[in-house]
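Line order of the protein sequences matches chains A and B. Residue numbers for the first sequence, in the numbering used here: 267 to 377. Residue numbers for the second sequence, in the numbering used here: 365 to 477. For every residue, glycine included, the Cβ atom is placed at its ideal position computed from N, Cα and C.
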Amino acid sequence: DAKTTQPPSMDCAEGRAANLPCNHSTISGNEYVYWYRQIHSQGPQYIIHGLKNNETNEMASLIITEDRKSSTLILPHATLRDTAVYYCIVRVAYRDDKIIFGKGTRLHILP
Amino acid sequence: GAGVSQSPSNKVTEKGKDVELRCDPISGHTALYWYRQSLGQGLEFLIYFQGNSAPDKSGLPSDRFSAERTGGSVSTLTIQRTQQEDSAVYLCASRSTTDNEQFFGPGTRLTVL
Numbered sequence: 267d268a269k270t271t272q273p274p275s276m277d278c279a280e281g282r283a284a285n286l287p288c289n290h291s292t293i294s295g296n297e298y299v300y301w302y303r304q305i306h307s308q309g310p311q312y313i314i315h316g317l318k319n320n321e322t323n324e325m326a327s328l329i330i331t332e333d334r335k336s337s338t339l340i341l342p343h344a345t346l347r348d349t350a351v352y353y354c355i356v357r358v359a360y361r362d363d364k365i366i367f368g369k370g371t372r373l374h375i376l377p
Numbered sequence: 365g366a367g368v369s370q371s372p373s374n375k376v377t378e379k380g381k382d383v384e385l386r387c388d389p390i391s392g393h394t395a396l397y398w399y400r401q402s403l404g405q406g407l408e409f410l411i412y413f414q415g416n417s418a419p420d421k422s423g424l425p426s427d428r429f430s431a432e433r434t435g436g437s438v439s440t441l442t443i444q445r446t447q448q449e450d451s452a453v454y455l456c457a458s459r460s461t462t463d464n465e466q467f468f469g470p471g472t473r474l475t476v477l
């Protein structure tokens, strides 16, 4: 079973920051928070991951609460191309094990 | 460099027929995964291969499903005696030993009539 809970859908205006929440209250000490997204008719794409510190890359920022029970993915300036299903996943890094995907959040970017 | 490729991109078959789906992972990636995604559903793990180790088959839904990985590279997912509930997008991913992420292919859309 997926160890994360996400809202099924969200809307965001183009140009605004999209903030996608994720709850992972049963996360273990050695588990990282990963985010992937799946644009329609494509395979999932890795976005970012983190353990306990906030992370930023060219795609997004990841904010993890101090107790690590929840996190937020931030797309700073959403564009129409960011319309996708976003999956929050917890897993041990650098392990060749399967990814357990939940239902994700369907993000609609509104023009 | 080239990403993960899968073929065919679309496959339509009749109930009861066997199908083979192919995955070409990124060169040098030692781990290879198969997932499937049914309409409106999330991604479901099927099987994964890591080097010469025995594959993890724990996600295969029935004994009609099998997969091989020849020479540590190309993989084939075979579904025997297809059923309508097998209709889905079948996704392949690969990963190197030094990366955090799995790289996914575009998928094969299988339709069983």
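- Message: 7 Å is my cut-off, CB to CB: does A/Ala-326 come that close to chain B?
- Response: no
- Query: DSSP three-state call for A/Gln-304: helix, strand or coil?
  - Reply: strand
- Starting from B/Gln-414, follow its DSSP beta bridges and name the residues at the other end. B/Ala-395.
- What separation, rounded to the nearest whole angstrom, lies between the Cα atoms of A/Gly-309 and A/His-290? Computed Cα separation, rounded: 24 Å.
- Item | Same chain only: Cβ atoms within 6 Å of A/Tyr-353, ignoring 5 sequence neighbours per side | Tyr-302, Phe-367, Gly-370
- Per DSSP, A/Glu-321 forms a beta bridge with which residues? A/Leu-328
- When DSSP labels each residue in this structure, what does A/Gly-316 get in the three-state scheme? strand
- For B/Gln-448, which of helix, strand or coil comes out of DSSP? Looking at B/Gln-448 - three-state DSSP - the assignment turns out to be helix.
- Message: For a contact defined as C-beta to C-beta under 7 Å, what are the partners of B/Pro-470 on chain A?
- Response: Gln-308, Gly-309
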